[in-house]
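> Have a look at the structure that comes next, please.
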Amino acid sequence: MQVENRNIGDVQKLDTIMGQTFNWVAQIEKYDSYAVKTYIFWESPTFWFRDSSGSRHEWRLRCQEEFYMKNNPTTLSLYTQYMSRAVDKKSIFAIKLRISISQYGSTYVCHDDMTDEGSGETWIQDFSKHNFFMLKLTKFVPYSGKFELNVSCTIIALKTSADQKIVGALEKHDVSLKNEYELLFENGQFSDVTFIIENNKLQLHKSILSSRSPVFAAMFNHDFKENISNEVYIDDQPYEIMREFFRFIYAAKVNEIEKYAAELLFLSNKYDVKGLKSLCGQHIADSLRDDNVLECLNLANQHDAKSLKAECFAFILTNAKKIVKLPSFDINKLPDDLRNEFFKVMIEQSRLI
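Under our numbering, the first residue of the sequence shown is numbered 2, with each subsequent residue one higher.
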């Protein structure tokens, strides 16, 4: 087995009271996701900060291949690695990540805990049991070839049990707040706009809609007829789908997403609701099959779902020998721009075989 370790970048000192965000950009010149018997990993330079007590905490990010499986692309996983001996056994750290990949002229986000709409979690690490740990945070699959890996990692030192209680309380408050907003969506109390869909009415709130969607913000900040009459007619979507769309805007959740994912992906793009687009894209990506991947690829292209498009390309490359033989796999059904992108990805892949 070949082992290759590349340390990319310079050492950074991150000297703040409670923590810092570390940005790591790795230029991967030639990556072969189908290479046999390789085990490659890339490590960031060590970065460090001092907490409020003056203790120094050193960290490193590590991106590595997982075990190779025959006829499947190798996935890459990102880990955080604590490099110091924990002086204070009660030290607790909250960790958040944002990972994006730039490849073939496109950039897509693989993982995002940084925004309110991110799908990830805040990780808490208690050093009362471990002096050393390497925590796996996420995995992703780039295309073979050259790509740029961009990682933003925020680590916050929580020094006391009181801090830990505050974090727990905030997490409970977040759940409670979402439940309260969902209740407000359900009962329509204090609403100032009515959406009329298939003779059904939803009593909603301009401020909430505007805060979550730039499209609604523009609608309610200008002299459009909807803003004057306080009524919005929706005639291109069923009531149940629109109801789940608005549920996400209020409470960041969807009931029966497996039933409505494609339609909600369309709405997320139309009204520029990024969190919903990410949620729908991930659900569709998890249900990719040989006989539906081309349809999903086209869907991703239509609604500018870059992460889903990348997942579709990776799936096609993984299962190309089977997929190209299917009668349903007809590249000519794709629009010109997507067909050209498909051939570009395939050509880049063929250079590595």
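Every residue gets a Cβ at the ideal spot worked out from N, C-alpha and C, and that includes glycine.
Report the residue from ILE324, LYS271 and SER153 whose alpha carbon sits nearest the alpha carbon of LEU289.
On the sequence shown, position 288 is the one that residue 289 refers to. Measuring from the Cα of LEU289, the nearest candidate turns out to be ILE324.
> Sort out for me which residues DSSP pairs TRP150 with in a bridge.
Translated into the one-based positions of the sequence shown, residue 150 becomes position 149. A quick correction: the sequence has Leu, not Trp, at residue 150. LEU150 pairs with ALA27 and ILE102.
> Using CA atoms only, rank isn't needed, just tell me which of LEU335, LYS322, GLY276 and ARG63 is closest to LEU300.
Counted from its first residue, the sequence shown places residue 300 at position 299. Minimum Cα distance to LEU300 is reached at LEU335.
> What span of residues does the beta strand (DSSP E) with LYS275 cover, start to end?
Locating residue 275 in the sequence shown gives position 274, where the first residue counts as 1. Counting along the chain, LYS275 falls outside any beta strand (DSSP E), though it belongs to the alpha helix (DSSP H) covering 275-287.
> Confirm, please, whether the CB-CB distance from ALA262 to ILE242 is below 7 Å.
Working through the sequence shown from its first residue, we reach residue 242 at position 241. Working through the sequence shown from its first residue, we reach residue 262 at position 261. No; because the gap between Cβ atoms is not below 7 Å, this pair is not in contact.
> DSSP state of LEU335, grouped into three classes?
Your numbering for residue 335 matches position 334 in the sequence shown. Three-state DSSP puts LEU335 in coil, outside helix and strand.
> Rounded to the nearest angstrom, how far is the Cβ of TYR105 from that of VAL255, given a contact under 8 Å?
Here residue 105 is taken as the residue at index 104 of the sequence shown, counted from 1. Here residue 255 is taken as the residue at index 254 of the sequence shown, counted from 1. Actually they are not in contact, since the Cβ atoms of TYR105 and VAL255 sit about 31 Å apart, beyond 8 Å.
> Checking 7 Å against the spacing of the C-beta atoms, do SER214 and TYR272 come in under that value?
Reading the sequence shown from its first residue, position 213 is the one you call residue 214. Reading the sequence shown from its first residue, position 271 is the one you call residue 272. Cβ distance < 7 Å, so SER214 and TYR272 count as in contact.
> Rounded to whole angstroms, how far is the Cβ of ARG57 from the Cβ of THR47, which I believe are closer than 8 Å?
Here residue 57 refers to the residue found at position 56 of the sequence shown. Here residue 47 refers to the residue found at position 46 of the sequence shown. The pair is not a contact, with the Cβ atoms about 11 Å apart (cut-off 8 Å).
> Indicate whether CYS201 and TYR234 have their beta-carbon atoms separated by less than 7 Å.
Numbered from 1 along the sequence shown, position 200 holds the residue referred to as residue 201. Numbered from 1 along the sequence shown, position 233 holds the residue referred to as residue 234. Note that residue 201 is Asn in the sequence shown, not Cys. Contact: no.
> Would you give the residue range spanned by the beta strand (DSSP E) that ARG51 belongs to?
Residue numbering aside, residue 51 sits at position 50 when the sequence shown is read from its first letter. Here the beta strand (DSSP E) through ARG51 covers 48-51.
> Give the straight-line distance between the Cα atoms of HIS206 and LEU298, rounded to the nearest whole angstrom.
Here residue 206 is taken as the residue at index 205 of the sequence shown, counted from 1. Here residue 298 is taken as the residue at index 297 of the sequence shown, counted from 1. Approximately 35 Å between the Cα atoms of the pair.
> What do you reckon, is the C-beta of ILE285 under 6 Å from a heavy atom of the ligand ZN?
This structure lacks the ligand ZN; in fact it carries no ligand of any kind.
> Using DSSP's beta-bridge definition, name the partner residues of SER85.
On the sequence shown, position 84 is the one that residue 85 refers to. DSSP, once it has assigned bridges, lists no residue as partnering SER85.
> Does DSSP put GLU59 in a helix, in a strand, or in coil?
By one-based count along the sequence shown, residue 59 stands at place 58. Strand at GLU59.
> Grab the span of the beta strand (DSSP E) containing PHE196 for me, first residue to last.
For this step, residue 196 is matched to residue 195 along the sequence shown. Per DSSP, PHE196 belongs to the beta strand (DSSP E) from 194-198.
> Of all the options ALA95, THR108, ASN188 and HIS112, which has the alpha carbon lying nearest to the alpha carbon of LEU79?
On the sequence shown, position 78 is the one that residue 79 refers to. Checking every option, the nearest Cα to that of LEU79 belongs to HIS112.
> ASN201 lies in the beta strand (DSSP E); which residues open and close that run?
Within the sequence shown, residue 201 is the residue found at index 200, counting from 1. 201-205 is the extent of the beta strand (DSSP E) around ASN201.
> What are the residues that DSSP puts in a beta bridge with ASP113?
On the sequence shown, position 112 is the one that residue 113 refers to. According to DSSP, which records beta bridges pairwise, ASP113 is partnered with ARG99.
> What residue from GLU187, ASN222 and LEU295 has the CA that sits closest to PHE247's CA?
For the purposes of this step, residue 247 is taken as the residue at position 246 of the sequence shown. Per the Cα distances, GLU187.
> Whose C-alpha, out of LEU268, ASN180 and SER153, is nearest the C-alpha of LYS97?
Position 96 of the sequence shown holds residue 97. Ranking LEU268, ASN180 and SER153 by Cα distance to LYS97 puts SER153 first.
> Just how far apart, CA to CA, sit SER212 and PHE316?
The residue you call residue 212 lines up with position 211 of the sequence shown. The residue you call residue 316 lines up with position 315 of the sequence shown. Spanning the two alpha carbons is a distance of roughly 36 Å.
> What are the partner residues of TYR272, as DSSP defines its beta bridges?
The residue given as residue 272 occupies position 271 in the sequence shown. In DSSP, TYR272 forms no bridge with anything.
> Here's the rule I'm using: 16 or more other beta-carbon atoms within 10 Å means buried, otherwise exposed. How should ASP117 be labelled?
In the sequence shown, counting from the first residue as 1, residue 117 sits at position 116. The pLDDT assigned to ASP117 is 43, lower than 50, so where the model puts this residue is not dependable; a value taken from the coordinates is nonetheless given after this. ASP117 comes out exposed.
> Is the Cβ of SER269 closer than 7 Å to any Cβ of chain C?
Annotation note: the requested chain C is absent from the structure, which comprises a single protein chain.
> From HIS223 to ASP193, what distance separates their C-alpha atoms?
For the purposes of this step, residue 223 is taken as residue 222 along the sequence shown, with counting starting at 1. For the purposes of this step, residue 193 is taken as residue 192 along the sequence shown, with counting starting at 1. About 16 Å.
> Just the C-alpha distance for THR22 and THR155, rounded to the nearest angstrom, thanks.
The residue you call residue 22 lines up with position 21 of the sequence shown. The residue you call residue 155 lines up with position 154 of the sequence shown. Their Cα atoms are separated by approximately 4 Å.
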